[in-house]
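A.B. asks: Structure incoming, see below.
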Amino acid sequence: MTTLPQVPVPGERTSETYARYREEHGPVIPVEMAGNVRAWLVTSYDAINEVLANDHIHYSKDSANFPALHDGSIPADWPPRQVIVGEHLLVKDGADHRRLRSMVNRAFTPSRVQGLAPRIQVMTDELLDQMAEEGSSVDLVRSFSEPLPVAVICELFGIPGEERRQIREWSGVLLSHDATAEEIAAAGGSLLAYLAEFIGRKRGAPGDDLTTGLIQVQEDDGDRLTDEEMVWLLWVVLIAGHETTVHLIANTVVALCSDPEQLARARERDAWEDVVEEALRSRNSVVSTFFRYPLRDVSVGGVAIRTGEPIIVGISGSGTDPARFGGDAARFDISRGQEPHVGFGRGPHFCLGAPLARLEMRIALSSLFGRFPDLRLAIKPEEIVYTNSIITEGPVELPVVLL
């Protein structure tokens, strides 16, 4: 039996795996995931856009359209099942997706996001103060890139400070490739139970936060969100709203510290917006989106894929595709001029949290290097250990010297 390329590859960054597979095998290839589950991996800019542009037309995100998940071919304890099966926004299509997304849009307004800027700055400064007190060397993930996004998203939701660390722990398990099915199920169940209880608290004590906004939002026909829909909405926004930013901050710090010229240019020109866009293109923490399932036989990049065969959209591969970004596509270069990328996806599933992520990244990076202008890595870039996942990617730890 032919052995298919694996994803993820133990000991290798998934983004590098995708780039290597694209070069060795082509932009659309069959791969094997954990549990010997087969899928198609798409890693070129054009092929990825081809898929994303046809969401809700030729492709579904609803796992009901993944026959192997339900016919006994895939074990009941297959870990990804806990994430790809549910009632959340990331696995909805068509009218259901539009209804739920419109409700979030009406509560998750630009003014609400911009209104968080002063608080994000305060929370950032508090973490930087704590880092300075720790000494000359710190783990940037533990001290900064992890606690900041957790604090921001919990602030947005109105989640009390003493409950935030548990949120982070549950989220980390849910998106881990190494966690067992039992651990993932336990974390998922605990988070859903917590959110149901938290929503009940918010109904009795409304506040100026996204949770209260969602509770109050009504569709034009007057239907409110059901309790189950509310829980799942908070579930997906909470996890997607911080997990990706945790890793993106750390990935960007690695890129800047590995190229002093780029860091100097960013500081001299106050070019943090360019830094963020280049990070989203070439150092994205999202290595893949949730599966797509063809609703009919399709051709992607000239490769035939049958109805219901899962497709992994390798977002990180799109940004390093030399066919789109040239021979130096993998190089972090803020002078590219914010070239179009799909770091936040495209089409109906374009990331809801993009404005918040951009705001948070700009404040975090400008403040970090403003406070510690001589910050450098304490280990070589090649010594950094990254999360081993097909969903998100970032350093597990990031030792830095503040100086």
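My numbering applies: residue 1 is where the sequence shown begins, and numbers increase by one. A virtual CB, placed ideally from N, CA and C, is assigned to each residue, including glycine.
#1: For T392 and F144, what's the separation of their Cα atoms in angstroms?
#2: Using three-state DSSP, classify M1 as helix, strand or coil.
#3: Take H25 and list the residues in its own chain whose beta-carbon comes closer than 7 Å to its own, dropping the five residues that flank it on each side.
#4: Checking the sheet assignment: what are the DSSP bridge partners for I29?
#5: Taking D129 as part of the beta strand (DSSP E), name the residues at either end of that continuous run.
#6: Please report how far the alpha carbon of T3 lies from the alpha carbon of P118, in whole angstroms.
#7: So, is H70 buried or exposed, given that buried needs 16 or more other C-beta atoms within 10 angstroms?
#8: I think R281 touches T252, with their Cβ atoms under 8 Å apart; what is that distance to the nearest whole Å?
#9: Can you tell me whether T109 is buried or exposed? The criterion is at least 16 other CB atoms within 10 Å of its CB, across all chains shown.
#10: Whole angstroms is fine: what's the gap from S15's alpha carbon to R203's?
#11: Of all the beta strand (DSSP E) runs that stay within the bounds of the segment 279-313, which reach a length of 3 or more residues?
#12: Going by C-alpha to C-alpha distance, which of H88, W78, S367 sits closest to A185?
#13: L403: buried (16+ other C-beta within 10 angstroms of its C-beta) or exposed?
#14: Taking the C-alpha atoms as reference points, what is the distance between A19 and A323?
#15: Return the first residue and the last residue of the beta strand (DSSP E) that S137 is part of.
#16: Go ahead and pull the three-state DSSP assignment for W211.
#17: Cutting at 6 Å between CB atoms, please list the residues of its own chain near E219, excluding the five before and the five after it.
#18: What residues are listed by DSSP as bridge partners for Q6?
#19: Counting C-beta neighbours from all protein chains within 10 Å, is the total for E277 16 or more, i.e. buried, or is it exposed?
#20: Per the DSSP calculation, L377 is bridged to which residue(s)?
#21: On the CB-based measure, 16 or more other CB atoms within 10 Å of its CB, does S350 come out buried or exposed?
#22: Are the Cβ atoms of P30 and W40 separated by less than 8 Å?
#23: Confirm, please, whether the CB-CB distance from S63 to F37 is below 8 Å.
#24: Check this for me: beta carbons of V313 and I48, under 8 Å apart or not?
#25: According to the Cβ coordinates, are T289 and G345 closer than 8 Å?
#26: Which whole-angstrom value describes the C-beta separation of V400 and A378, a residue pair presumed to lie in contact below a C-beta threshold of 8 Å?
#27: Leaving out five residues before and five after V141 in sequence, what residues of the same chain have Cβ atoms less than 8 Å from its Cβ?
#28: For the pair the segment 263-271 and the segment 223-237, tell me if three or more CB-CB distances fall below 8 Å.
#29: By how many angstroms is the C-alpha of V286 removed from the C-alpha of S389?
#30: Counting along the chain, where does the alpha helix (DSSP H) carrying Q166 start and finish?
C.D. replies: On the basis of the supplied data:
#1: Near 18 Å, if we compare the C-alpha coordinates of F144 and T392.
#2: Caution applies to M1, whose pLDDT of 49 falls short of 50 and renders its modelled position unreliable; the value that the coordinates give is listed next. M1 falls in the coil class under three-state DSSP.
#3: Here the set comprises P5.
#4: In the DSSP output, where bridge partners are listed per residue, I29 has L41.
#5: It is not in any beta strand (DSSP E) - D129 instead sits in the alpha helix (DSSP H) that spans 117-134.
#6: Annotation: T3 to P118 spans about 53 Å, alpha carbon to alpha carbon.
#7: By the Cβ-count criterion, H70 is exposed, with fewer than 16 other Cβ atoms from all chains shown falling within 10 Å of its own Cβ.
#8: R281 to T252, Cβ: 11 Å. No contact.
#9: Counting Cβ neighbours within 10 Å, T109 comes out exposed, since fewer than 16 surround it.
#10: Roughly 42 Å between the two C-alpha positions.
#11: With a minimum length of 3 residues, the unbroken runs of beta strand (DSSP E) contained wholly in the segment 279-313 fall at 298-300, 303-305, 311-313.
#12: Out of H88, W78, S367, W78 has the C-alpha closest to the C-alpha of A185.
#13: Classification of L403: exposed, given that the 10 Å Cβ count is below 16.
#14: Taking the straight line from one Cα to the other gives about 12 Å.
#15: Its beta strand (DSSP E) spans residues 137-139.
#16: Here residue 211 turns out to be Thr, not Trp, going by the sequence shown. T211: helix per DSSP, three-state reduction.
#17: Bear in mind that a pLDDT of 48 at E219, under 50, signals an unreliable position, so the number given afterwards is only what the model happens to contain. Close CB contacts of E219 within its chain, under the 6 Å cut and outside five residues either way in sequence, are absent.
#18: E32.
#19: By the neighbour-count rule (16 or more Cβ atoms within 10 Å), E277 is buried.
#20: V400.
#21: Sequence inspection shows Phe at residue 350; the Ser mentioned does not correspond to that position. By the neighbour-count rule (16 or more Cβ atoms within 10 Å), F350 is not buried but exposed.
#22: Cβ atoms of P30 and W40: closer than 8 Å.
#23: According to the sequence as given, residue 37 is Val; it is not Phe. With respect to the 8 Å criterion, V37 and S63 are not classified as neighbours on the basis of their beta carbons.
#24: Their beta carbons are under 8 Å apart, which means V313 touches I48 by this criterion.
#25: For T289 and G345, yes; Cβs fall inside 8 Å.
#26: 6 Å between Cβ atoms; contact.
#27: Answer for V141: V246, A250, G394, P395, V396, E397, L398, listed in chain order.
#28: Contact between the segment 263-271 and the segment 223-237 is absent, because fewer than three Cβ pairs lie under 8 Å.
#29: Here the alpha carbon of S389 sits roughly 10 Å from the alpha carbon of V286.
#30: Start and end: 164-174.
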